[in-house]
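Okay, so here's the structure we're looking at.
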Amino acid sequence: MGKRWKKPGLEIWRIENFNVKPWPKDQYGNFYTGDSYIILSTSKKPHQNKINWDIHYWLGKGSTAGEYATADYKTVELDEYLGGGPIQHREVEGHESMLLMSYFNDQIKNFKGGFESGFNHVKPSEYQPWLLHFKGKKHVRVLQVTLERVSLNSGDVFVLDTGLVLYQWNGKSSSGQERLKAALYCRALDDERRGLPEAFVLEDGDQDEKFWSYFRDGYGKVGSPNEGGVDDEIISSEK
Numbered sequence: 089m090g091k092r093w094k095k096p097g098l099e100i101w102r103i104e105n106f107n108v109k110p111w112p113k114d115q116y117g118n119f120y121t122g123d124s125y126i127i128l129s130t131s132k133k134p135h136q137n138k139i140n141w142d143i144h145y146w147l148g149k150g151s152t153a154g155e156y157a158t159a160d161y162k163t164v165e166l167d168e169y170l171g172g173g174p175i176q177h178r179e180v181e182g183h184e185s186m187l188l189m190s191y192f193n194d195q196i197k198n199f200k201g202g203f204e205s206g207f208n209h210v211k212p213s214e215y216q217p218w219l220l221h222f223k224g225k226k227h228v229r230v231l232q233v234t235l236e237r238v239s240l241n242s243g244d245v246f247v248l249d250t251g252l253v254l255y256q257w258n259g260k261s262s263s264g265q266e267r268l269k270a271a272l273y274c275r276a277l278d279d280e281r282r283g284l285p286e287a288f289v290l291e292d293g294d295q296d297e298k299f300w301s302y303f304r305d306g307y308g309k310v311g312s313p314n315e316g317g318v319d320d321e322i323i324s325s326e327k
């Protein structure tokens, strides 16, 4: 066996046309609902020579049966290549294990569609705005939600990504961790897009006309904290 997977680290592949393709490192932690992925974690405890591997195959809600099957058998192939030593984990979108979350600082971002729909794969003028929901006190999840006012609630934080303008909207009862994660996400997007976007922070109740113009139902009452669901409601799906 080569030295490639003997050093601690993380490697991710996306399933594409029944094959595996390396996932860009600047996209680690970003998963698209229309895709399936394989994640290999290599670790070693201090003062021990034994290498530990964990293989996760992540299944997006919109990925196909063919992608499911490919992720399954490619995971088995990788397991066999590594001598049968890895522990396998099946991960389903929205129910990721704590172990998988830990690789990405407890923050996984789920986007609709496939990777090709992202900012770097379309012209700025053709970019479709999307709304991201940041939720959780300890483990902050990031989910893409429908770009409508009904998606907002005063207990969480939301980021409206229009490509070249980013809006962070803070619900009045949102947690400090949610606000921090959203701010870090906006900063990462700005770096990824070479400093091109402008970023604005809005508070619950602000009537910024440009921000609300992206919502077809416009400015108005948003949902209560209870309507946003329970924080840190993450179910382990290891097997």
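Note that my numbering has the sequence shown beginning at 89, numbered continuously upward.
Cβ atoms here follow ideal geometry from the backbone N, Cα and C, with glycine treated the same way.
As the structure is a computational prediction, the values presented were derived from the model and not from experiment.
Near GLY311, what residues of its chain come up, given a Cβ to Cβ distance below 6 angstroms and the 5 sequence neighbours on each side ignored? Cβ-Cβ distances below 6 angstroms link GLY311 to ASN241 in the same chain, with the five nearest sequence neighbours on each side left out; the list follows chain order.
Continuous beta strand (DSSP E) assignments of at least 3 residues falling wholly in the region 120 to 180: Listed in chain order, they are 124 to 131, 140 to 147, 175 to 180.
Ignore the nearest five residues each way along the sequence and tell me which others in ASP294's own chain have a CB closer than 7 angstroms to its CB. Residues of the same chain with their beta carbon placed closer than 7 angstroms to that of ASP294 are lacking, with the five preceding and five following residues left out of the count.
Those residues which DSSP pairs with TYR255 across a bridge: DSSP output for TYR255 lists LEU248, PHE288 as bridge partner(s).
What number of angstroms, rounded off, separates the C-alpha of ASP292 from the C-alpha of GLN256? Take the alpha-carbon of ASP292 and the one of GLN256: they are about 10 angstroms apart.
Compute the distance between the beta-carbons of GLY117 and LYS223, then report whether it is under 8 angstroms. Contact flag unset, no.
Report the residue from VAL289, GLN216, HIS144 whose alpha carbon sits nearest the alpha carbon of PRO174. Closest option to PRO174, judged by alpha-carbon separation, among VAL289, GLN216, HIS144: HIS144.
To which residues does DSSP link HIS221 through a beta bridge? Paired residue(s): LEU231, PHE246.
Boundaries of the beta strand (DSSP E) in which PHE299 is found, first to last residue: Run containing PHE299: none in the beta strand (DSSP E); it sits in the alpha helix (DSSP H), 297 to 301.
Step through the CB atoms of chain B and report whether any lies within less than 8 angstroms of the CB of ILE126. The structure shown contains no chain B; it holds only a single protein chain.
Cβ-based neighbour list, GLY122, same chain, cut-off 7 angstroms, excluding 5 preceding and 5 following: Taking GLY122 as the centre and dropping the five residues before and after it, the same chain places the C-beta of GLY148, GLY150, SER151, GLY201, GLY202 closer than 7 angstroms to its C-beta, in chain order.
Rounded C-alpha distance that separates LEU98 from SER301: One Cα belongs to LEU98, the other to SER301, and the distance between them is close to 41 angstroms.
Do GLN265 and VAL230 come within 8 angstroms of each other at the CB atom, strictly closer than that value? Not closer than 8 angstroms, so no.
Distance, GLY308 Cα to ASP167 Cα: Between the alpha carbons of ASP167 and GLY308 lies a distance of about 53 angstroms.
Closest residue to GLU286 among ALA153, LYS269, THR250 (Cα-Cα distance): The residue with the shortest Cα to Cα distance from GLU286 is THR250.
Around the C-beta of ARG275, are 16 or more other C-beta atoms found within 10 angstroms, so that it is buried, or is it exposed? By the neighbour-count rule (16 or more Cβ atoms within 10 Å), ARG275 is not buried but exposed.
Go through its chain and collect everything with a Cβ distance to VAL245's Cβ below 6 angstroms, but skip five positions before and after it. Excluding positions up to five away in sequence, the list reads PHE222, ASN258, SER262, GLU266, ARG267, ALA270.
Could you tell me whether the region 121 to 135 touches the region 97 to 111, where touching means 3 or more Cβ pairs closer than 8 angstroms? With a cut-off of 8 angstroms, the region 97 to 111 and the region 121 to 135 count as touching, because enough Cβ pairs lie within range.
Using a threshold of 8 angstroms, state whether the C-beta atoms of GLU181 and ASN193 are closer than that. Not a contact, by the Cβ cut-off of 8 angstroms.
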